[in-house]
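Following: one structure in structure tokens, then a few remarks.
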Amino acid sequence: MSDTYRTSRQADPREGEPRGHDMNGPYQTTQQADPREGEPRGHEPGWERVDRRTAAVSAVYSLAVVAPIVLAMSKFLADRDVPPAGIVAANAATALLVIGATVAYDVVRWRKTVFRVTAGRVEQRSGVFVRTHLSIPRDRIRSVDITADPVRRVLGLATVTVGSGEHAGAEGSELRLDPLTKDRAEELRRTLLDRGERSRQEQSAEGDPALATLRWSWVRFAPLTVWSLVGALVAAGAVYKALDLIGLNLLSWDVTRRIWQELQEMPLWVAVLLVAGAATAVGTLGALALFAETWAGYRLEREAGGTLRVRRGLLTRKSLSLEERRLRGVEIAEPLLLRTGGGARVRVVATGLGAPREDQHEQVDALTPPMPRATARLVAAHVLRTDPAAAFDRLSPHPPAARRRRYFTALVCTGLGFVAVAVLDTLFTWTPAWAWAVPALTAPVALALATGAYRGLGHGLTGRHLIVRSGVLARRTVALDRAGVIGWQISRSPLQRRSGLLTIRATTAAGKGVYELADVGTDQGLTLAAAAVPGLLSPFVERTGPPPPGG
1 MSDTYRTSRQ ADPREGEPRG HDMNGPYQTT QQADPREGEP RGHEPGWERV
51 DRRTAAVSAV YSLAVVAPIV LAMSKFLADR DVPPAGIVAA NAATALLVIG
101 ATVAYDVVRW RKTVFRVTAG RVEQRSGVFV RTHLSIPRDR IRSVDITADP
151 VRRVLGLATV TVGSGEHAGA EGSELRLDPL TKDRAEELRR TLLDRGERSR
201 QEQSAEGDPA LATLRWSWVR FAPLTVWSLV GALVAAGAVY KALDLIGLNL
251 LSWDVTRRIW QELQEMPLWV AVLLVAGAAT AVGTLGALAL FAETWAGYRL
301 EREAGGTLRV RRGLLTRKSL SLEERRLRGV EIAEPLLLRT GGGARVRVVA
351 TGLGAPREDQ HEQVDALTPP MPRATARLVA AHVLRTDPAA AFDRLSPHPP
401 AARRRRYFTA LVCTGLGFVA VAVLDTLFTW TPAWAWAVPA LTAPVALALA
451 TGAYRGLGHG LTGRHLIVRS GVLARRTVAL DRAGVIGWQI SRSPLQRRSG
501 LLTIRATTAA GKGVYELADV GTDQGLTLAA AAVPGLLSPF VERTGPPPPG
551 G
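Reminder that position 349 of the sequence shown reads as 349 in UniProt numbering, one-by-one numbering, no gaps.
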């Protein structure tokens, strides 16, 4: 049986643990709207509304709904010999109905939505049919996100998203003000992140130049990111559906059959190269376009007062401000393709960032675009205010037993492949001879992955951070603030016990919540955990050697 042990300490409430219905923390209340209620107390002192041009924004975006309806209706009526005047009248009536209903609803929503910023809280009252009162204490605010899409940018507007220290999806974890004027959004950002806890001399001393700015040579890494390729496929699907609404079916049965016949007439290797080349070209173009839209104008800077700010975006401008004192670490991510090209990206480990919305291509914790690995390490070190060599170059390897475990797993998987082919050959007489080559060819790949997985293991300890590295398909190096570790989970499987290994997981209130140190030596891992957070594991560990460096 597996052994599992857990130790924990009381989390600091400032670290972002959800407080349930504690009225001293963020909370949200809802009630059925009273039809007799007209003004939502908008004239009370301190309350203000979002910008009235929200109706114009809704009107513009409703055109995206109206356009395909009008095109489809025009085709439908034209096929039935309806006179042009009738088609124009029907389309005009439909457009006016959709746009008018959208604008009318948004006007009502605008009248029912108010917010205010007091000395202690940010509050919002909203809702047409169900009234919602959302309140976030100002000392619980962890991030302020300003977003301006093309329509709002033309109108001089922006959306402000205030994030608290609650976990993503928790009640009252996020407050959105949409839209505000650009100047009001920037003023609100500065107001909410100004704690007034340090002198002006200290704050001005902390203001550093930009930690990173975009270099367009980094665009070469865009095709090496899987999510960019997925985004390109999604964009291609959206274009296909839009054209299909107006009767332009690029992949009709006749077209598909003709393409298939052409491919069948070609030599197999030519057809494979042609299809792979076309897919690669489309994916690359989509990845480059998505990179430009997401990261154009990128700038990472440390502002006076201890705030990290990320600004980026070509058409949709985004600005994320994160309180640096709530930072719990950084993560350097190196997916296999990106690592092969010498690239990496940096993510932040912090509370209050929430989950990405459906319209976001990038994770909200992204600090940098894909960039050279050396640059990513340097940026991560600047964010942590440490030396990159001390943080990332002096990691301790894991015992040879961890390498043997990975080789054993690779050989077992290869053996199972041979067994599966043997079973198929026994049950079915038509099993092709080349089927035996499949597990034989996968064996060196599995062994290479096992070697890479072992080389990816590493850990270290500095004065402020616990460093953990692991992964082969997606290698991650996490520098976790030792003060943010609130507990340990220690487990050993039967095979690990025989090999003198164990797995340690550090728990924290930020990021993913759990960061794993897999297959570390028993004495090595327990000593590291005891030194990382003195006093947390000491009652359960008997030290037999000196603490690791940095402890």
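Backbone N, C-alpha and C fix where the C-beta goes; we use that ideal spot for every residue, glycine too.
It should be emphasised that the depicted structure is a prediction, and the values quoted were computed from it without experimental measurement.
Start-to-end residues for the beta strand (DSSP E) that takes in residue i
{"i": "arginine 302", "result": "299-303"}
{"i": "aspartate 519", "result": "514-521"}
{"i": "alanine 212", "result": "210-213"}
{"i": "glycine 460", "result": "458-461"}
{"i": "threonine 503", "result": "501-508"}
{"i": "threonine 159", "result": "157-164"}
{"i": "glutamate 324", "result": "Run containing glutamate 324: none; DSSP gives neither H nor E here."}
{"i": "threonine 132", "result": "130-137"}
{"i": "aspartate 145", "result": "141-148"}
{"i": "valine 346", "result": "343-350"}
Residue i in three-state terms, based on DSSP
{"i": "leucine 528", "result": "helix"}
{"i": "histidine 382", "result": "helix"}
{"i": "aspartate 178", "result": "strand"}
{"i": "threonine 118", "result": "coil"}
{"i": "glycine 42", "result": "Caution applies to glycine 42, whose pLDDT of 44 falls short of 50 and renders its modelled position unreliable; the value that the coordinates give is listed next. Here glycine 42 sits in coil by DSSP."}
{"i": "residue 552", "result": "In the structure displayed, the chain extends from 1 to 551; residue 552 sits before or after that span and is not available."}
{"i": "tryptophan 295", "result": "helix"}
{"i": "proline 539", "result": "helix"}
{"i": "leucine 338", "result": "helix"}
{"i": "threonine 426", "result": "helix"}
{"i": "leucine 473", "result": "coil"}
{"i": "arginine 312", "result": "strand"}
{"i": "aspartate 106", "result": "helix"}
{"i": "proline 372", "result": "strand"}
{"i": "aspartate 481", "result": "strand"}
{"i": "tryptophan 260", "result": "helix"}
{"i": "residue 557", "result": "The structure shown does not extend to residue 557, since the chain spans only 1 to 551, so no value can be given for it."}
{"i": "serine 173", "result": "coil"}
{"i": "glycine 511", "result": "coil"}
{"i": "glycine 127", "result": "coil"}
{"i": "valine 468", "result": "strand"}
{"i": "leucine 395", "result": "coil"}
{"i": "valine 533", "result": "coil"}
{"i": "valine 50", "result": "coil"}
Candidates the options: closest to residue i by CA position
{"i": "leucine 447", "options": "Arg403, Arg339, Val60 and Gly525", "result": "Arg403"}
{"i": "phenylalanine 418", "options": "Pro439, Gln524 and Asp425", "result": "Pro439"}
{"i": "glutamate 301", "options": "Arg345, Val255 and Thr368", "result": "Thr368"}
{"i": "leucine 536", "options": "Val255, Val478, Gln489 and Asp523", "result": "Gln489"}
{"i": "valine 130", "options": "Ile87, Ser173, Val108 and Ala380", "result": "Val108"}
{"i": "threonine 284", "options": "Leu308, Arg52, Leu233 and Arg190", "result": "Leu233"}
{"i": "glycine 452", "options": "Thr191, Leu336 and Arg317", "result": "Leu336"}
{"i": "glycine 343", "options": "Pro388, Pro370 and Leu416", "result": "Pro370"}
{"i": "arginine 140", "options": "Leu273, Ile146, Arg125 and Arg326", "result": "Arg326"}
{"i": "arginine 152", "options": "Arg52, Ile332, Phe115 and Ala376", "result": "Arg52"}
{"i": "serine 135", "options": "Ala119, Ala530, Gly456 and Thr351", "result": "Ala119"}
{"i": "serine 217", "options": "Val50, Thr375, Arg455 and Thr503", "result": "Thr375"}
Limits of the unbroken alpha helix (DSSP H) element including residue i
{"i": "serine 74", "result": "54-78"}
{"i": "threonine 225", "result": "Run containing threonine 225: none; DSSP gives neither H nor E here."}
{"i": "leucine 367", "result": "Run containing leucine 367: none; DSSP gives neither H nor E here."}
{"i": "alanine 437", "result": "437-455"}
Cβ-based neighbour list, residue i, same chain, cut-off 6 Å, excluding 5 preceding and 5 following
{"i": "histidine 21", "result": "Low confidence applies to histidine 21: its pLDDT is 47, below 50, so where it sits in the model is not reliable, and the reading given next is rough at best. So no residue of the chain qualifies."}
{"i": "arginine 215", "result": "none"}
{"i": "glycine 511", "result": "Val349"}
{"i": "arginine 291", "result": "It is phenylalanine, not arginine, that sits at residue 291 in the sequence shown. Within the same chain, phenylalanine 291 has close Cβ partners Val219 and Ala222."}
{"i": "alanine 59", "result": "Ile99 and Val103"}
Distance, residue j Cα to residue i Cα
{"i": "alanine 506", "j": "aspartate 178", "result": "38 Å"}
{"i": "histidine 382", "j": "glutamate 123", "result": "35 Å"}
{"i": "valine 270", "j": "histidine 398", "result": "46 Å"}
{"i": "glycine 487", "j": "alanine 509", "result": "10 Å"}
{"i": "alanine 483", "j": "serine 164", "result": "20 Å"}
{"i": "glycine 313", "j": "lysine 75", "result": "37 Å"}
{"i": "alanine 287", "j": "isoleucine 99", "result": "34 Å"}
{"i": "valine 162", "j": "threonine 132", "result": "16 Å"}
{"i": "arginine 373", "j": "alanine 296", "result": "20 Å"}
{"i": "threonine 102", "j": "valine 144", "result": "28 Å"}
{"i": "phenylalanine 408", "j": "valine 349", "result": "34 Å"}
{"i": "alanine 380", "j": "valine 239", "result": "38 Å"}
{"i": "aspartate 519", "j": "glycine 513", "result": "20 Å"}
{"i": "threonine 431", "j": "alanine 420", "result": "11 Å"}
{"i": "leucine 175", "j": "glutamate 186", "result": "16 Å"}
Proximal residues to residue i (C-beta, below 8 Å), its chain only, five neighbours per side dropped
{"i": "threonine 94", "result": "Val66, Ile69, Val70 and Met73"}
{"i": "glutamate 213", "result": "The sequence as given places threonine at residue 213; glutamate does not occur at that position. Once the five neighbours on either side are set aside, the close Cβ partners of threonine 213 are Tyr298, Arg299 and Leu300."}
{"i": "alanine 410", "result": "Ala443, Ala446, Leu447, Leu449 and Ala450"}
Same chain, Cβ closer than 7 Å to residue i, neighbours up to 5 away in sequence not counted
{"i": "residue 552", "result": "For the chain, the structure presents residues 1 to 551; residue 552 sits outside this window and is missing."}
{"i": "arginine 257", "result": "none"}
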